[in-house]
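Here the sequence shown stands for residues -21 to -1, 1 to 321, numbered as in mature numbering (1 follows the signal peptide of the UniProt record, and there is no 0).
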Amino acid sequence: MWGSRAVALAALVVHVSVVHARKIMARNFTSPALEEDALLVDEGGPPTLAGLTQRTIGTPDILQEAAALGGEGESQRVTLPALARTEALFWLHIPKCGSSFANAVLHTTSTCPNTPTDFTFDMTTMGYGVNETLRGYCPELIFSSVGHFGSHDALGSISTKALGSVVTLLRDPEQRILSAFNDNYHDWVSSTPPENELEFATYNAGCQLRMLVRNDPAQRTFAPACRHTLPTDKEVALGQKILRRDFSFVGITDQYDLSVCLFRFMFGGPCLPSMFSNVHKGASQSTTFVNTSATLYDTSVLQSFTDTADRALYDRGVLIFDQLLLQYDVTEDACQACYAST
């Protein structure tokens, strides 16, 4: 008997097959929500995520076999075929928005065919020489202007070849601010610590939006884009447009596991435990010693402060994320075998 994981595995393979069948049968179908939102896109402009999600996905020549080895308790690994016609060429790593997502990107077969299955990108592998190693693993991946992977470079500093193939995770704005505050005041503007969470928030707000519209390259582990002036109203509108136009994938850290599963459904590759593990724990001098990337913070310390710029971007990101889930028929039930894959 294979056991529960094998049953989930079989269900996943059936689900993928059903997805392809639905795409063929629904070739001319467009979701009303997508159709309405597509009106926000300039006619005659470059392909947008709204347009890409409306495309019919053809059945691949081969449905990659998901390996189920031996009986219950033994290794069972799920490998998914790519359903999307788009690519995942550059990861925009916004501070405090899911460092662990690196492992989903680095194990995407189309861009990283040489990554060993047992390789994990974490705090122990982020040292000297790792970028050279990763370039060997991932010949199609786009790195930063100075050849780094996973650094906090604003999108404007990256090669234009990435546009249309950028992937990112967004986070609830106030939760992201508090996560940064609790991680040694990440990207704080002064050597003197902020008086409290509210003071930190007034300077750090709009960080996610700024990462899309500014052109500051990373400096060590920091994001200079999040240290400069706050976003303007024009930048907020531009950021929403960029998110729709230049990104092939938008995930939500507040639904991290589902985001990783959706990414794997879209771009293919193995489902690995490292993709669902936190690789960036709270810093040793954090005001909390728990996982600052996953902790749910009490926002009352912000005294009703709202990050309006990032809220506008985040809301647009949630809309895109929901559209992608609908387009690729990805649900929690469909993801169970991926979650259980070892």
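For every residue, glycine included, the Cβ atom is placed at its ideal position computed from N, Cα and C. From a predicted model like this one, the values you see are computed outputs, not experimental measurements.
Host beta strand (DSSP E) of residue i (start-end)
| i | result |
| --- | --- |
| F228 | F226 to I231 |
| T147 | V145 to L149 |
Residues bridged to residue i [DSSP beta-bridge criterion]
| i | result |
| --- | --- |
| V309 | The partner list for V309 (beta bridge, DSSP) is empty, contrary to what the question assumes. |
| Q198 | F201 |
Enclosing alpha helix (DSSP H) for residue i [first to last residue]
| i | result |
| --- | --- |
| L177 | E176 to N183 |
| F246 | Y235 to F246 |
| L191 | C186 to V192 |
| L85 | A81 to L85 |
| N110 | V109 to Y116 |
| F128 | Unbroken run through F128: none, as it is neither H nor E. |
| A159 | P152 to F160 |
Between the CA atoms of residue j and residue i - distance to the nearest angstrom
| i | j | result |
| --- | --- | --- |
| L68 | N161 | 31 Å |
| L222 | P173 | 31 Å |
| S320 | L209 | 43 Å |
| R290 | P152 | 6 Å |
| I231 | T287 | 18 Å |
| G108 | S283 | 44 Å |
| A180 | Q154 | 11 Å |
| T104 | G126 | 16 Å |
| K213 | P95 | 44 Å |
| E311 | L303 | 14 Å |
| R56 | L85 | 17 Å |
| V309 | L241 | 6 Å |
| D236 | F80 | 10 Å |
| Y116 | P92 | 7 Å |
| D132 | T274 | 24 Å |
| Y318 | R243 | 11 Å |
| A204 | R189 | 6 Å |
| S256 | S78 | 10 Å |
| Q43 | R114 | No answer about Q43 holds up, because its pLDDT of 36 lies below 50 and its placement is not dependable. |
| K75 | C314 | 25 Å |
| L281 | E119 | 42 Å |
| M102 | D166 | 19 Å |
| Q198 | T211 | 23 Å |
| T267 | D277 | Bear in mind that a pLDDT of 38 at T267, under 50, signals an unreliable position, so the number given afterwards is only what the model happens to contain. Taking the straight line from one Cα to the other gives about 13 Å. |
| E178 | L305 | 39 Å |
| N163 | T285 | 21 Å |
| S124 | P60 | 31 Å |
| N194 | D97 | 34 Å |
| residue 340 | L62 | Outside the displayed range of the chain (-21 to 321) lies residue 340, so it cannot be described from this structure. |
| T112 | L217 | 35 Å |
Sub-9 Å separation of residue i and residue j beta-carbons
| i | j | result |
| --- | --- | --- |
| T99 | N82 | yes |
| P249 | T88 | yes |
| P196 | S144 | no |
| A202 | I121 | no |
| F246 | T90 | yes |
| R206 | V168 | yes |
| Y293 | L149 | yes |
| V128 | V229 | Before going on, a small fix: residue 128 reads as Phe here, not Val. No, the Cβ-Cβ distance between F128 and V229 is not below 9 Å. |
| T65 | S227 | yes |
| L134 | V215 | no |
| R224 | L142 | yes |
| A159 | N183 | yes |
| I156 | C186 | yes |
| T147 | W70 | yes |
| R295 | Q219 | yes |
Secondary structure of residue i, DSSP reduced to three states
| i | result |
| --- | --- |
| Q282 | coil |
| T58 | strand |
| P210 | coil |
| L134 | helix |
| L71 | strand |
| P252 | helix |
| I121 | coil |
| A63 | coil |
| F300 | helix |
| T99 | coil |
| S78 | helix |
| T139 | helix |
| C91 | coil |
| L292 | helix |
| T104 | coil |
| L222 | helix |
| residue 366 | An answer regarding residue 366 cannot be provided, because it is not within the stretch -21 to 321 covered by the chain. |
| V168 | coil |
Residue i at chain B interface by Cβ criterion, 9 Å
| i | result |
| --- | --- |
| G126 | Checking the listed chains, one finds no chain B in this structure; it contains a single protein chain. |
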